[in-house]
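Numbering (this note's numbering), first residue to last: 66 to 203.
Here it is in structure tokens:
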């Protein structure tokens, strides 16, 4: 599924979302619209896919439980370990889904740390992401 209705800039990037209920999500993206002058994936495209994977997964989890909220990333780090030279996928899994929903219903807000990664050719992580998200019930 495309996410251009929520994040319009991802349409030209070719991002495709695959939600794997209840707690996994993948963002698939082609190399061509995301390539830099060296023939690798542009770091900005990598970051975008990595920061969006937890954001979109948190959106799906909260909506599935009937909790409408705004989600913002307020801190993040990315490690670029090796170049990405082909179509790529950002992977995210959140294991604490029930706790997120309980805390949102109790407090109306919640801070949550999430991670995502992109695999390299050697099956090691080419890029890793750690982010802190703030969720506020609307």
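Cβ atoms here follow ideal geometry from the backbone N, Cα and C, with glycine treated the same way.
### Query
Terminal residues of the continuous alpha helix (DSSP H) containing residue 163?
In the chain shown, counting from the first residue as 1, residue 163 sits at position 98. Where residue 163 is concerned, the enclosing alpha helix (DSSP H) stretches over 162 to 172.
### Query
Residues in its own chain within less than 7 Å of residue 134 by CB, not counting five upstream and five downstream?
As a working note, residue 134 is residue 69 in the chain shown. By the criterion of a C-beta distance shorter than 7 Å, residue 134 is surrounded in its chain by 127, 169, 200, 201, 202, 203, once the five residues flanking it on both sides are discounted.
### Per DSSP, cross-strand counterpart(s) of residue 75
The residue you call residue 75 lines up with position 10 of the chain shown. Residue 75 pairs with nothing; no bridge assigned.
#### Entry: Whether residue 155 touches residue 72 by CB criterion (7 Å)
Counting from 1 along the chain shown, the entry for residue 155 is found at position 90. Counting from 1 along the chain shown, the entry for residue 72 is found at position 7. Contact: no.
### Message
What does the alpha-carbon distance come out to for the pair residue 150 and residue 172?
### Response
For this step, residue 150 is matched to residue 85 along the chain shown. For this step, residue 172 is matched to residue 107 along the chain shown. Computed Cα separation, rounded: 44 Å.
### Query
By how many angstroms is the C-alpha of residue 105 removed from the C-alpha of residue 87?
Taking the first residue of the chain shown as 1, we reach residue 87 at position 22. Taking the first residue of the chain shown as 1, we reach residue 105 at position 40. For residue 87 and residue 105, the distance between alpha carbons rounds to 33 Å.
### Cβ-Cβ distance between residue 166 and residue 195 below 7 Å
Looking up residue 166 in the chain shown gives position 101. Looking up residue 195 in the chain shown gives position 130. Cβ distance not < 7 Å, so residue 166 and residue 195 don't count as in contact.
### Query
Mapping DSSP to helix, strand and coil, what is residue 130?
As a first step, residue 130 is located in the chain shown; it is residue number 65 there, counting from the start. Coil at residue 130, not helix or strand.
### Query
Which first and last residues belong to the beta strand (DSSP E) in which residue 150 is found?
Here the question's residue 150 lines up with position 85 in the chain shown. Where residue 150 is concerned, there is no enclosing beta strand (DSSP E), given that its DSSP letter is neither H nor E.
### Message
If I measure Cβ to Cβ from residue 148 and keep anything under 6 Å in the same chain, skipping five residues before and after, which residues do I get?
### Response
The residue you call residue 148 lines up with position 83 of the chain shown. 105, listed in sequence order.
#### Entry: Residue nearest to residue 158 in terms of C-alpha spacing, selected from 139, 123, 96, 100
Residue numbering aside, residue 158 sits at position 93 when the chain shown is read from its first letter. That would be 123, whose Cα lies nearest to the Cα of residue 158.
### Query
With a CB to CB cut of under 8 Å and the five nearest residues on each side skipped, what residues in its chain are close to residue 97?
For the purposes of this step, residue 97 is taken as the residue at position 32 of the chain shown. Same-chain partners within the cutoff: 79.
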